[in-house]
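What the sequence shown shows, in the working numbering, is residues 6 to 581, in sequence order.
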Amino acid sequence: MLKYLRKWNTLRNQLLVVYLFVMFIVLFIVSAITYILVEDLLQDNAEEQIRQTAMESSGRYDSLFEQLNMVTKQVLTNEELQGVLLQESEGEITSFNDKQSLMSTTNLIQANVDGIYSIEIYNNDYQRIIPIDSTLLLDRIDPHWINRANEVGGKLIWMGEDPLDHNYFLVGRQINLMDDDFNNGGYIIARVNRNYFQLNSNQQEGESNDYSILVDNRNNPIVTNYHGNTVGEIMESDDETITIDDQEYMLVKDTSDLTGWTMHILTPVNQLTAGISTVQAGILIAGLIGLLIFFIFSFFLSTFITKPITRLTKTMRQAGEGVLAQNPVVNSTNEINELNQTYNQLAEETNYLVQMVYEKEIIKNRTELKALQAQIHPHFLFNTLDALYWSLDEKEEEDLSNVVLAMSELFRYTITKENEDEWVTIKEELDHIERYMKIMRMRFGERLNWEKDVDFDWLHVKIPKLMIQPLVENAILHGAGNVVGNSHITVRIEKIAEQQRIRIAISDDGPGMSAEKVVEVTKQMDGGIRQQKQQSMALQNVQQRLRMFYEAGDSRDIIILSEEGKGTMISFEIPV
């Protein structure tokens, strides 16, 4: 199977597959974007259409409400009604004949509107004037609506369903007496047929599974063709879509500025995108045709591109047996000609480099021989010091023999062999410092003292070799070497509170430095400029090795604290 696959693993086939894959991705993305845009466009258009329908429905119901407003306004402004209510407000009792006459007048006005079933008139003492009976307004409607009518000052208010008969709605308003400074003269209540607010023909139940719900400003349904159990959920939903009985609906709301009523229209989403399947099929067919055309084009293009390369490959394969041969120049595209020219240059340079590598290999062998010879010198030095040590020991020169032994161990520690690690423990570094101090006491005598303040827990921590000793040497040369009398060197290693880090500090009681000198030394140390002074060289060396062996954020740069006449402290931090 693998052998069969390798047979077809050619540049032409790879180009063909890549072209087809890229084209497939492009067609897929374009088709997906087109499909999404068309689907969104259809949904937006449908939503706009539904929203327009909702606005038209709200406008129609506003007109019906305004018609009720006009009829009730005609009744309450009638001169006969105004006169009767004015008499009632002054304590006079309206005669039966006046009530009969007033009822005829209201019935005549009521006849102009099909939706009004009856009109009721009450005086400001809540007693009914028409129809003629003893019913009180407080027994007819909730006192809340009376207070509401008084608050709006004569405007028509919607009271919802008639508590006596759910087939009717109630609207009402306060009647203001025009001849009595528009004081309250009573109330008018109109009973409206429920069918007055019926849905229009294209919103009737059973058409396209659309639902229309008209609710008042208290979310009480006025008219609806939806009889499910999720009316409350529909009222409270602010989403563009809602799921009812496992079917997704688009929800469009429109609230009237006049009445505060809200029209809810629910339309199935699959109905809005019914035409998208045709678009989807068209996109799929167009994509397949485009893919076929691109396949034919890609086949010929890949063959045209790879034919000169195949010819060049054969030449390179023939040249693999010996010295690379030049390939004849072929008449092809600029890129192929450049490739052929580059190969010829490569062949020429490769032949040259082969010769160079051969010569360099000879030089390398000679260099390694010299390096091997150079390794003899440290061993010669160690053997010489050992011989000197035993000679002094036989002569009972104990002090000198100890110094020679310390010097021998000092050299052994300093010189790192190829197979040795650059890292040592803090204990090993401190032992090395002890040997170094023995040698320094040969020069300074008893006036040079040093101490180490190290917790036993940190002796096992590994650090790069020769990280502390150069700083001790620096403290001796610029501390003890520049003072008269005793000098004290302290090496302190301590843990930093609440951190997995330790601080290594070397301090002396030498002459110290001024603030300007500290800044100068710090710049020399950080700037990478090697100075002639040993002090800057030692600090710079340790600084560079800190940055080399520890990652950024793990190590701290060297910190110099010094004051003239009080000594110097040099410290740095490393992770445990």
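The C-beta atom is built at its ideal place from N, Cα and C for all residues, glycine as well.
Predicted model, so just to flag it, every value in this text is computed and none were measured.
So what does DSSP say about Phe577, is it helix, strand or coil?
-> Strand.
Give me the Cα-Cα distance between Ser68 and Gln179, rounded to the nearest whole angstrom.
-> Approximately 21 Å between the Cα atoms of the pair.
Extent of the continuous alpha helix (DSSP H) run through Ile563 | If you look at Ile563, you'll find it isn't in any alpha helix (DSSP H); DSSP assigns it neither H nor E.
Residue interval of the alpha helix (DSSP H) (run including Lys467) | Per DSSP, Lys467 is not a residue of any alpha helix (DSSP H); the beta strand (DSSP E) it occupies stretches across 467–469.
Span separating the alpha-carbon of Ile563 from that of Leu544 = Cα to Cα, Ile563 sits roughly 8 Å from Leu544.
Does the Cβ-Cβ distance between Ile114 and Glu125 come in under 8 Å?
-> Not closer than 8 Å, so no.
Name the one or two DSSP bridge partners that Ala195 has.
-> Looking at the DSSP assignment, Ala195 forms a beta bridge with Ile124, Val176.
Would DSSP call Leu482 helix, strand or coil?
-> Leu482 falls in the helix class under three-state DSSP.
Note the first and the last residue of the continuous beta strand (DSSP E) segment covering Asp251.
-> From DSSP, Asp251 is part of no beta strand (DSSP E); its letter is neither H nor E.
6 Å Cβ shell around Gln48 - same chain, five flanking residues per side excluded | Cβ neighbours of Gln48 beyond the five flanking positions: Leu277.
Rounded straight-line distance, which links the Cα of Phe577 to that of Leu566 | Taking the straight line from one Cα to the other gives about 11 Å.
Thinking C-beta only, is Phe70 closer than 8 Å to Leu263?
-> With contacts defined as CB atoms closer than 8 Å, Leu263 and Phe70 qualify as a contacting pair.
Run the CB neighbour count on Ala286, radius 10 Å, all protein chains shown included, and call it buried at 16 or more, exposed below.
-> With fewer than 16 neighbouring CB atoms inside 10 Å of its own CB, Ala286 falls in the exposed class.
Just reading off the beta strand (DSSP E) that Asn234 is part of, what are its end residues?
-> Taken as a continuous stretch (DSSP letters only), Asn234 belongs to no beta strand (DSSP E), as it is neither H nor E.
Can the beta-carbon of Gln92 be found less than 8 Å from the beta-carbon of Thr99?
-> When the beta-carbon positions are compared, Gln92 and Thr99 come within less than 8 Å of each other.
Name the two residues that bound the continuous alpha helix (DSSP H) containing Pro148.
-> In the DSSP annotation of this structure, the continuous segment of the alpha helix (DSSP H) that includes Pro148 starts and ends at 148–157.
So what does Leu141 bridge to, in DSSP terms?
-> DSSP lists Gln132 as partners of Leu141.
Are the Cβ atoms of Ile575 and Val496 separated by less than 8 Å?
-> At the C-beta level, Ile575 and Val496 stay beyond 8 Å of one another.
Sort out for me which residues DSSP pairs Met268 with in a bridge.
-> Met268 is bridged by DSSP to Leu219, Asp259.
Could you check the C-alpha separation between Tyr216 and Met268 for me, to the nearest Å?
-> Rounded to whole angstroms, the gap between the alpha carbons of Tyr216 and Met268 is 10 Å.
For Leu256 versus Val228, is the C-beta distance shorter than 8 Å?
-> Leu256 places its beta carbon 8 Å or farther from that of Val228.
With a CB to CB cut of under 6 Å and the five nearest residues on each side skipped, what residues in its chain are close to Val284?
-> Excluding positions up to five away in sequence, the list reads Val43.
Out of curiosity, what's the CA-to-CA distance linking Lys470 and Tyr357?
-> In a straight line, the C-alpha of Lys470 is about 44 Å away from that of Tyr357.
Under 8 Å, do Ile431 and Val477 count as touching if we go by C-beta distance?
-> No, Cβ-Cβ distance for Ile431 and Val477 is not below 8 Å.
Length of the line joining the Cα atoms of Phe202 and Tyr66 = Their Cα atoms are separated by approximately 7 Å.
Extent of the continuous alpha helix (DSSP H) run through Ser109 | That run of the alpha helix (DSSP H) goes 101–115.
Express the C-alpha separation of Val466 and Glu505 in angstroms, rounding to a whole number.
-> Here residue 505 is Gln; the residue named in the question, Glu, does not match the sequence. Whole-angstrom Cα-Cα distance: 12 Å.
Nearest to Gly158 (by Cα), restricted to the options Leu142, Gly177, Tyr231 | Nearest C-alpha to Gly158: Gly177.
Cβ of Thr77 within 8 Å of Cβ of Ala195?
-> Closer than 8 Å, so yes.
In or out: Arg552 buried (at least 16 other Cβ within 10 Å) or exposed?
-> In the assembly as shown, Arg552 is an exposed residue. Its beta-carbon has fewer than 16 other beta-carbons within 10 Å.
For the 8 Å Cβ check, are there 3 or more pairs between the region 167–176 and the region 51–67?
-> Flag = no, the region 167–176 and the region 51–67 do not touch.
Anyone know if the C-beta pair for Ile162 and Trp150 falls short of 8 Å?
-> The answer is yes: Cβ separation under 8 Å.
Helix, strand or coil: which one does DSSP assign to Ala59?
-> DSSP, read as helix, strand or coil, puts Ala59 in helix.
Quick one: Cα of Leu351 to Cα of Phe309, how far?
-> Their Cα atoms are separated by approximately 25 Å.
List the DSSP bridge partners of Thr430.
-> DSSP output for Thr430 lists Lys467 as bridge partner(s).
Return the Cβ separation of Ile507 and Glu499 in integer angstroms, given the expectation that the two are a contact with Cβ distance under 8 Å.
-> The C-beta distance from Ile507 to Glu499 rounds to 7 Å, short enough to fall under 8 Å.
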